[in-house]
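**Q** Numbered according to the numbering used here, the sequence shown spans residues 1 to 322.
Just so you know, even glycine gets a beta-carbon here, dropped at the ideal spot from N, CA and C.
Every value quoted in this text rests on a predicted model; they were computed, and no experiment measured them.
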Amino acid sequence: MTYTKIALVTGPTASGKSALALRLAEYFSGEIISCDSMQLYRGMDIGTAKPDAFELGRVKHHMIDVLGINDSFSVVDYVKAAELCISNIYSRGKLPFFCGGTGLYVDSIMNSTEFGDMENLPDYREELKSVAAEKGGEFLHEMLEKVDPEAAEKIDARNVKRVIRALEVYKATGMTITEWQRRSKLLPPKFDSLCMTIEYEDREVLYNRINRRVDKMLEMGLLDEVKTLYEKGLFNTQTAGQAIGYKEFLPYLEGAASLDECVERLKAESRHYAKRQMTWFRRNDKIHRIIADGKTEDDIFEEAKALCDDFFKPELIWSVKY
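1) Which residues bound the alpha helix (DSSP H) around G57?
2) Just reading off the beta strand (DSSP E) that E142 is part of, what are its end residues?
3) Which class does A243 belong to by DSSP, given the choice of helix, strand or coil?
4) In this structure, how does DSSP classify S15 when only helix, strand and coil are distinguished?
5) Going by DSSP, what residue range makes up the alpha helix (DSSP H) through V79?
6) Under 8 Å, with one C-beta from each stretch per pair, do the segment 214-223 and the segment 280-295 reach the 3-pair mark?
7) So, are the CB atoms of M110 and C35 less than 7 Å apart?
8) Taking buried to mean at least 16 other C-beta atoms within 10 Å of its own C-beta, is T296 buried or exposed?
9) Assuming the contact rule is C-beta atoms closer than 8 Å, V169 and W180 should be a hit. Round their C-beta distance to whole Å, please.
10) Does DSSP put E254 in a helix, in a strand, or in coil?
11) Please determine whether the Cβ atom of C99 lies at a distance below 6 Å from any heavy atom of the ligand SAM.
12) In its own chain, which residues sit with a C-beta less than 8 Å from the C-beta of V320, not counting the 5 before and 5 after it?
13) With which residues is G30 paired in a DSSP beta bridge?
14) Beta-carbon within less than 6 Å of K305's beta-carbon, same chain only, minus the 5 sequence neighbours each way: which residues are those?
15) By alpha-carbon positions, which one of I64, A240, R182 and K275 ends up nearest to E201?
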């Protein structure tokens with residue numbers, strides 16, 4: 001048995017990927033590794049749609065609730081931790097299923113982006129965060145333009161985290177992130193991966209799902225969760241404080257907007273994020289698209305199960321399911 005095969009379930013927010021991954025992991029005797037950069041943070045539960053206690057009891061999950069809201073965690077950190085999870089899951093005779101919509105994490109795992117020779121630079125990262133806080137994201141983006149104009153053209157100045165990452169790569173390797181990524185992709189991947197994404201060709205169907213999910217989150221107590229985190233200093237952080245589902249309520253908490261205005265803003269931001277996710281995943285021709293329009297959850301599961309059945313042979317011979 002080779003310990004190299006991994007399955008990934010991706011898709012835009014509210015597409016149903018978590019429910020699908022849970023069913024697949026149960027059926028194939030697997031464990032789930034979260035591929036969501038915000039589910040890493042403790043206390044950010046409702047707004048990140050973390051699995052609840054019942055779901056966590058059904059299937060073992062990894063890479064959830066491992067950080068405090070003030071902690072930094074780079075893609076380098078994520079890949080190293082995820083690779084350890086894969087090894088541990090196989091050591092228990094289980095199969096690894098990734099689940100999440102953070103495109104950078106998905107790509108790094110699928111392509112086995114090589115970080116081994118790259119020094120992690122937490123001090124430099126904190127220095128860049130301070131620059132961003134003092135002089136703004138535009139200033140940081142101008143720094144990137146000077147060393148990697150190609151990356152600067154692709155990365156929005158408002159995406160401070162990605163700008164910092166590109167500057168970190170240049171500092172650590174002497175290469176632009178564009179060149180570093182190109183070289184990484186020339187290396188053979190560490191894992192044989194099956195990646196599936198749930199898509200809705202009718203955007204309105206997905207957008208309605210997003211709107212309903214936001215309403216449900218509010219019923220579950222999202223606003224109270226945001227207030228608690230606000231009191232703990234969430235919005236003073238560069239990463240966790242920028243999470244969709246939380247930052248939209250800051251104007252309400254500070255008396256600058258009504259609750260209804262913030263809820264509508266959250267729905268709009270979630271829809272825009274879903275659109276960006278779909279664009280990201282469509283760029284990768286190695287990802288299997290599961291079109292969800294007009295299909296039941298059972299239909300989607302059967303389609304994904306067939307892909308996994310074929311992919312995981314002969315590993316399934318050793319599966320607990322048999």
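**A** On the basis of the data shown:
1) Position 57 of the sequence shown, counting from 1, holds the residue named residue 57. According to the DSSP assignment, G57 belongs to the alpha helix (DSSP H) that extends over A53 to R58.
2) Taking the sequence shown and counting its residues from 1, one reaches residue 142 at position 142. Counting along the chain, E142 falls outside any beta strand (DSSP E), though it belongs to the alpha helix (DSSP H) covering G137 to V147.
3) Indexing the sequence shown from 1 puts residue 243 at position 243. It is coil, neither helix nor strand.
4) Position 15 of the sequence shown, counting from 1, holds the residue named residue 15. In this structure, S15 counts as coil in the three-state DSSP scheme.
5) The count along the sequence shown starts at 1 and reaches residue 79 at position 79. Looking at the DSSP string, the run of the alpha helix (DSSP H) that includes V79 is V75 to S91.
6) Judged by pairs of C-beta atoms under 8 Å, the segment 214-223 does not touch the segment 280-295, as fewer than three such pairs exist.
7) Numbered from 1 along the sequence shown, position 110 holds the residue referred to as residue 110. Numbered from 1 along the sequence shown, position 35 holds the residue referred to as residue 35. With respect to C35, M110 sits apart: the two C-beta atoms are not nearer than 7 Å.
8) Translated into positions along the sequence shown, residue 296 becomes position 296. So T296 counts as exposed.
9) As a first step, residue 169 must be located in the sequence shown, where it is residue number 169. As a first step, residue 180 must be located in the sequence shown, where it is residue number 180. 5 Å between Cβ atoms; contact.
10) In the sequence shown, counting from the first residue as 1, residue 254 sits at position 254. Note: E254 maps to coil in three-state DSSP.
11) Looking for the ligand SAM in the displayed structure turns up nothing, as the structure carries no ligands at all.
12) The residue labelled residue 320 in the question sits at position 320 within the sequence shown. Model confidence at V320 stands at a pLDDT of 43, short of 50, so the residue's coordinates are unreliable; what they give is reported in the following sentence. Within the same chain, Cβ atoms closer than 8 Å to the Cβ of V320 are found at S29, G93 and K94, the five residues on either side in sequence being excluded.
13) The sequence position of residue 30 within the sequence shown is 30, counting from 1. Answer is L95, bridged to G30.
14) Here residue 305 refers to the residue found at position 305 when the sequence shown is read from its first residue. Cβ within range, chain order: n/a, list empty.
15) Taking the sequence shown and counting its residues from 1, the one referred to as residue 201 is at position 201. Nearest option by C-alpha distance: K275.
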